[in-house]
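The structure appears below as structure tokens.
Chains as they are written, first to last, in our numbering: chain A, 378 to 1046; chain B, 2 to 181.
Okay, structure coming up:
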């Protein structure tokens, strides 16, 4: 028994098996992980247990294609709803309550231990570094634990969660922009069978994504990529799922899924345009692996108090708008804009054609579903008569005039601008006069062939406004999201991230997502190389999955010709160093800052809800992409996300849960 | 606009589609490969799910389904085939199943692994299957079988040790046993 040198014989400890099977959490997991890291023998043992487990999974694989016969299935599915005791909301309500830290005794007690009780623990302070440009060293800040939100249940119900009655929310938008300006292929938005701004209709095309596998830091110590604030892939995936179809693999860009959600990173300090924070926890799908999260948070818009927006959409619904690239694109553009507004902002909707009318009185964006429904309900028909329409729009804007805020009429038309006031001079005077009252005009032109370019530009000029031509959703996104209002003012451009891994700590690494954003290592210091922009208030998240030394089973094949790195090199316990470059919006010279990071070994359960939610979203992407990385299934994703809803002010995270459910209902063969 | 739907329709359907295959496989095993009986059993489990208080099931649908399936199987067997072991003999199903996987790799280590599993005590065999065939967590396995999670961990650990001892070195050598 000469091999038994470990102080404690973990070989006969059930916890070692539990560890290898990914069943341990928290301090127990950390204890075993330490022991494993310290003992090659135990590491070998774990590796063997993992091999055996994999063998058993293969050997015992059953034919899960077995199906009930139609008759029996029908019997199950046709039980009338009245015979069902509770509706689906109940489950979600439980989850939300649990997420809010309310312990439900009784109903769930029979289940035994509730792991959701981990939630109420406060986040780890150490290991969560913060740095701003100019700071010479990282200081430490805390991630704020989301306080329980008592009104979450109501918020959930007002969201209409659990039913299919809010198509406007679900079918929102999908598009792919090109914020880096690198000339990457753009997949324009597709919606219900036609391609906007494209000659081709009804065919969808996606650039293949080849996932980055694990890399050995001795061979590839650097990971370089451009940030991406796009979220188009999420909306697109959502569209597929809502239509009960499996999204094409390459439509799933994991970083865009993750970045669809806002995370609570610390506000930047001083003059820094954004903050950078790094934290880590166990990877939920592979507890021996570490998940490292890099979070960027852009400075809040307008430096001071956010400006409330009071917007009136004035939409041309005349017969000429009844073309795919006109009214439907207007609708999508407006929905996109609504998605960017804050709950306290207001939106009203006025249409003009044969008859004009106030379709939606000024409505707080808090009631997003109502606004989206109204936009959804627009249909073209009748002749154009914009005169009374434009007066109606200004009246609506003035009625809810926001002092210190943004007051704006947004006119969307194909240019057949028979506004009722036929005298152009008279019309311009009207608009000019209204502009003095503080209500400005933006004109959005749609479609081709009928565009009264000059008129529209004049209108906008006289209305203290702007004029833009929208030929595609990508353009709508640019105009309405990137250039509209202070919320999305660009605060830094060409933001690049480069991570250097410490081979003394990291056996293998992989960047989760960002496949299309990879840069060559040398591009990092090349200021001519374009990269992504970050807007005010934006958050950007990147996740790395790391196999620590000691848990490297099956990650990367061993190197035959490289000298092994001494574990003492690297000097420190640092896991990695994050380097960031960015330029101020008007500058051609980049700033650099550097943030070394030491892993504190936190378990997944102890991580902040935001962290867990981001991980769940990434795992969802891995499921959808049928990724080989980790053992992920949708049930897990649902559970991880359900316990990490946090405040979820817009219901986005609950919508995510619904998408996971939809995915569960699909046939993945 | 979308056609009106009952609120729960999607939920039941999604659970059914997700779990019917694994549950049928599980029920088949429990009932010694009797396909008709397994279908009846699984239908019954889902009808119970439909009628169950979903709030009580919470997010633990998988454990609930397996638990009910197992209990129903025990009931059925107690009435009809009292002599049948809870977890029918390992070789029974593949022999009649004609699984192409089975046939193609008759000689390979999967077969040996299955044979080794078949020699485990009944309870351990059941846990191994719940874990590796159905991917349940310790917690869920506890809920299905009525054991504590700790007990599950202990038994599974024991089972894996036994398997490693029985399997040839190429698959899972136990170094301590092999050391001179």
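All residues carry an ideal CB built from backbone N, CA and C; glycine is no exception.
Scanning chain B for C-beta atoms nearer than 7 Å to the C-beta of residue 1041 of chain A yields 15, 19, reported in chain order. For residue 434 of chain A, the residues of chain B that pass the 7 Å Cβ criterion are 133, in the order they occur in the chain. Counting along the chain, the unbroken beta strand (DSSP E) around residue 729 of chain A starts and ends at 723 to 729. One thing to note: residue 17 of chain B has its Cβ within 9 Å of the Cβ of residue 453 of chain A. When Cβ pairs closer than 8 Å are counted between the two stretches, the region 156 to 167 of chain B is seen to touch the region 119 to 127 of chain B, the count reaching three or more.
Distance from the Cα of residue 895 of chain A is smallest, within the candidate group A/909, A/819, A/813, A/882, for A/909.
Within 9 Å of the CB of residue 412 of chain A, no CB atom of chain B is found; the nearest one sits about 16 Å away.
By the criterion of a C-beta distance shorter than 6 Å, residue 67 of chain B is surrounded in its chain by 145, once the five residues flanking it on both sides are discounted. The three-state secondary structure of residue 778 of chain A, taken from DSSP, is coil.
Here DSSP, grouped into helix, strand and coil, assigns residue 1009 of chain A to coil.
Between residue 995 of chain A and residue 631 of chain A, the C-beta gap is smaller than 9 Å, which places the two residues in contact. Boundaries of the alpha helix (DSSP H) harbouring residue 714 of chain A: 704 to 716, taken from the DSSP string. Shown here for residue 397 of chain A: same chain residues with a beta carbon closer than 6 Å to its own, the five before and five after excluded, namely 423, 426, 427 in chain order. The beta-carbon distance between residue 755 of chain A and residue 728 of chain A, rounded to whole angstroms, is 7 Å. This is short enough to meet the 8 Å contact definition. With fewer than three CB-CB distances shorter than 8 Å, the region 865 to 882 of chain A does not count as touching the region 621 to 638 of chain A.
In this structure, A/914 is the residue among A/914, A/663, A/1031, A/967 with its C-alpha nearest to the C-alpha of residue 640 of chain A. Beta-bridge annotation (DSSP): residue 959 of chain A is paired with A/968. By the neighbour-count definition (other C-beta atoms within 10 Å, threshold 16), residue 138 of chain B is a buried residue. Leaving aside the five residues that flank residue 36 of chain B on each side, the residues in its chain whose CB is nearer than 8 Å to its CB run, in chain order, 29. A distance below 9 Å separates the beta carbons of residue 31 of chain B and residue 74 of chain B. Taken in chain order, the complete alpha helix (DSSP H) segments of 4 or more residues contained in the region 620 to 671 of chain A are 631 to 636. Residues of the region 59 to 75 of chain B with a C-beta less than 7 Å from any C-beta of chain A: 59, 60, 61, 63, listed in chain order. Counting along the chain, residue 998 of chain A sits inside the alpha helix (DSSP H) bounded by residues 986 to 1001. Neighbourhood of residue 154 of chain B in chain A, by CB distance below 8 Å: 391, 392, 394, 395, 400, in chain order. Straight-line spacing of the CA atoms in residue 1025 of chain A and residue 691 of chain A works out to 31 Å. Note on residue 650 of chain A: 16 or more other CB atoms within 10 angstroms of its CB, so buried under the neighbour-count rule. The three-state reading of DSSP puts residue 149 of chain B in coil, since its state is none of H, G, I, E or B. For residue 428 of chain A, the three-state secondary structure derived from DSSP is helix. For residue 78 of chain B and residue 135 of chain B, the gap between their C-alpha atoms comes out near 22 Å. Shown in chain order are the members of the region 1008 to 1026 of chain A whose Cβ falls below 8 Å from a Cβ of chain B: 1008, 1010, 1011, 1012, 1015, 1016, 1019.
In this structure, the beta-carbon distance from residue 924 of chain A to residue 876 of chain A does not fall below 9 Å. Within the DSSP secondary-structure output, residue 817 of chain A pairs in a beta bridge with A/785.
Neighbours of residue 110 of chain B in chain A, taken as residues whose beta carbon is under 8 Å from its own, are 432, 436 in chain order. By the Cβ rule, the region 732 to 750 of chain A counts as touching the region 711 to 722 of chain A, because three or more pairs are nearer than 8 Å.
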